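Student: Dropping a structure here in structure tokens format, bear with me for questions.
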Amino acid sequence: MFKDNQSDPNRSSVIASELVLREKCDLILIEDGDAQPPVQELADARGIPTISTMVPWQGWMFPRKSTPDKGFPYSYHFFWGADDVAKNFLGMWQSVETNKKVGTLYIDNPPGQAFSDPKLGLPAGISAAGYQEFSAGKFQIATDDFTNQIALFKNNGVDIVSGFTFSNHWVTLWNQAAQAGFKPQICTVAAAFLFPAAVNALGDRGDGMSTEVWWTPAYPFKSSLTGQSAGELAAEWEKTTGKQWTQPIGYAHALWEVGLAALQNSDPKDKNSLRDAIAGLDMETVVGRVKFKDSPIKNVAVTSLSGGQWRKAKGGKSKYELLIVHNGTAPFIPKQADLQLLSKLV
């Protein structure tokens with residue numbers, strides 16, 4: 003059974019009631035971050051196992067008032083953490099020469115709160131690595147004017163812009179930055195450059211945008227269901243849809259891998275058997291290893307992450323391609339290029 007929450011938190015509450023109370027599902031797989039809190043809170047209360055993904059684990063756990071040592075009764079989650087993003091961002095920046103001044107801004111939502119967390123998010127990593135943060139703080143999701151943030155960054159001479167924004171925010175900010183004559187050397191922003199369309203929307207000024215990399219066709223992993231490599235899965239997507247691959251494809255596929263593995267290793271009609279099967283999983287998927295068993299973060303399997311830069315494609319149908327430029331936290335993922343300063347790409 004499939005339910006679409008249409009990325010609407012209010013509709014997510016309706017879906018939670020339908021799946022948990024009316025349909026009485028034995029296992030719920032959740033892809034969209036907005037759907038997770040209402041669905042999983044109700045499922046926990048009713049004793050229904052759930053598996054979710056595509057939100058940094060801090061943004062999944064902390065808004066629900068839990069901690070790594072406590073976890074949840076029946077909710078499970080696999081993804082990387084905001085701290086892993088910080089490590090990859092810093093790894094990319096440390097590969098080039100800058101003035102080490104970083105301007106940041108964050109959406110005021112659970113993922114944005116995770117990224118801006120002073121202990122586990124970007125600020126801690128920036129400070130520990132000897133960089134100076136000039137924070138513009140959080141902004142509301144409906145914001146469409148970033149002139150104040152740009153002025154802060156420009157007045158302090160920042161070379162690096164980072165944080166957490168959606169693609170529509172970045173298009174507006176980057177256009178306003180051009181109007182203000184603000185030209186940073188590096189733009190490494192979580193979520194903003196997740197999809198190729200987001201970079202294409204910037205025109206020629208999309209060249210050099212850098213980001214966290216969840217998954218690409220270059221990842222050296224295979225599906226436990228089909229045996230397809232990451233590259234083969236991406237190629238099938240492009241052939242079937244006529245569109246360029248996107249990073250969430252890997253995690254959407256892996257969600258089914260994990261869910262079916264839990265069902266195969268349990269009595270699906272016994273909620274505790276199914277919960278214990280999820281908790282005991284240690285498996286290889288198309289996004290890499292998913293290991294709930296003995297995880298130091300209860301109910302969470304932390305997955306691999308790397309750092310990438312969008313560069314103009316050399317031939318082919320796509321305008322830009324995402325190249326892996328840092329693999330310090332996952333050396334088994336092949337590096338494809340070196341990070342380039344924006345001034346070198348003009």
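Going by the working numbering, the first residue of the sequence shown is number 3, and it counts up by one from there. Positions of the beta carbon are idealized from the N, C-alpha and C atoms, including for glycine. As the structure is a computational prediction, the values presented were derived from the model and not from experiment.
1. Rounding to the nearest angstrom, what Cα-Cα distance links Ser275 and Asp269 in this structure?
2. Looking only at DSSP bridge pairs, what is Phe80 linked to?
3. Below 8 Å, how does it come out for the region 188–207 and the region 61–80: are there three or more Cβ pairs, yes or no?
4. For Arg291, which of Glu234, His328, Leu347 and Ser226 has the nearest alpha-carbon?
5. Going by DSSP, which residues form a beta bridge with Thr213?
6. Thinking C-alpha only, which one of Glu135, Thr55, Leu154 and Thr305 is nearest Lys103?
7. Examine the Cβ distances between the region 106–122 and the region 56–63 and report whether three or more of them are shorter than 8 Å.
8. Taking the alpha-carbon positions, what's the Ile349 to Asp296 distance?
9. Ends of the beta strand (DSSP E) at Ala358?
10. Counting Cβ pairs closer than 8 Å, one from the region 125–144 and one from the region 88–99, do we hit at least three?
11. Do Val304 and Trp217 have their C-beta atoms closer together than 9 Å?
12. Would the beta-carbon of Leu23 fall within 9 Å of that of Ala264?
13. Relative to the C-alpha of Glu214, which residue among Met56, Asn177 and Ser137 is closest?
14. State the DSSP-derived secondary structure class of Gln178, mapped to helix, strand or coil.
15. Measure the alpha-carbon distance for Pro120 versus Ala193 and round it to whole angstroms.
16. Considering Ile50, what are the terminal residues of the beta strand (DSSP E) in which it resides?
17. Is it buried or exposed for Tyr223, if we count other Cβ within 10 angstroms and need 16 for buried?
18. Specify the secondary structure class of Phe195 as computed by DSSP and reduced to three states.
19. With a Cβ-Cβ cutoff of 9 Å, do Glu33 and Ser19 count as a contact?
Tutor: Working from what's here:
1. 6 Å
2. Thr55 and Ala303
3. no
4. Ser226
5. Gly310
6. Glu135
7. yes
8. With the chain running from 3 to 348 in the structure shown, residue 349 is simply not present.
9. One cannot answer for residue 358 here, as it falls past the ends of the chain, which runs 3 to 348.
10. yes
11. no
12. no
13. Met56
14. helix
15. 19 Å
16. No beta strand (DSSP E) holds Ile50; DSSP gives it neither H nor E.
17. Looking at the sequence provided, one finds Phe at residue 223 rather than Tyr. Buried is the call here.
18. coil
19. no
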